[in-house]
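These notes concern the structure reproduced below.
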Amino acid sequence: MAEPPEQSLTLAELGARMAQSTPQSAALGFRLVSVEPGLATMAMDYKPELVGDPETGVVAGGVVTTLLDHVCGLAVSSRLLSEGQFTRVATLDLRIDYMRAAEPGKAILGRAHCYKLGHAIAFVRAAAFDVDEEDPVATAQAAFSIIPTEAIAP
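Have a look at this one:
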């Protein structure tokens, strides 16, 4: 019996799907940079339509939050997939600490690490940065619900 298509996904396919296939991520221009089990990096290029403050040219904080949420979800999903599980996840809790404004005109990268995978909940840490990874724009701590496959409607 053949595996369902989702079971044969590669990490790269999963990452590309999560970065580009939702209307929100596509509209924001997310792209996959790298993915491996439990680790993910996505990026978004600077676009004037994403600016929150026209006087400074700084990207809106909600865009950074969305990037961090997506990359955290990818880190969890990549870890699950690498362990032979393909299921959906949902954000339970997402805490964002904004450290500074992103530099206008620069791409923003989000990097996440799923550091603990429980039976029903996964835990993730992430950071968004532009010029220097050691000087983040924002950091995140998140918890994701792991939705049992049998709970997913066909």
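All you need for the working numbering is the position in the sequence shown, starting with 1, plus 812. Beta carbons are placed, not taken as given, at the ideal position from N, Cα and C, and that holds for glycine.
Secondary-structure assignment with DSSP links Y910 through a beta bridge to A950. Excluding sequence positions up to five before and after T899, its CB lies within less than 8 Å of the CB of L892, I958, I959, P960, T961, I964, all in the same chain and listed in chain order. Spatial neighbours of V888 in its own chain (CB-CB distance under 7 Å, excluding positions within 5 residues in sequence) are listed in chain order as V901, C926, A934, V936, F956. L880 is not a Cβ neighbour of A828, given a cutoff of 8 Å. Within the same chain, D942, V943 come within 7 Å of E915 by CB-CB distance, once the 5 residues on both sides are set aside. Here the alpha carbons of V875 and A940 stand approximately 11 Å from one another. Taking V863 as the centre and dropping the five residues before and after it, the same chain places the C-beta of G869, V870, V871, A872, P916 closer than 8 Å to its C-beta, in chain order. Rounded to the nearest whole angstrom, the C-alpha separation of V883 and D865 is 24 Å. Collapsing the DSSP output to three states places G864 in a strand. Note on G922: 16 or more other CB atoms within 10 angstroms of its CB, so buried under the neighbour-count rule.
As the crow flies, the alpha-carbon of G850 is around 38 Å from that of E867. Nearest to D905 by C-alpha distance, out of G885, T822, S894, is G885. Under the criterion of beta carbons closer than 8 Å, R843 and M854 qualify as touching, at roughly 7 Å. Note: E848 is bridge-paired with L851 in the DSSP secondary-structure output. When secondary structure is reduced to three states using DSSP, H882 falls in the helix class.
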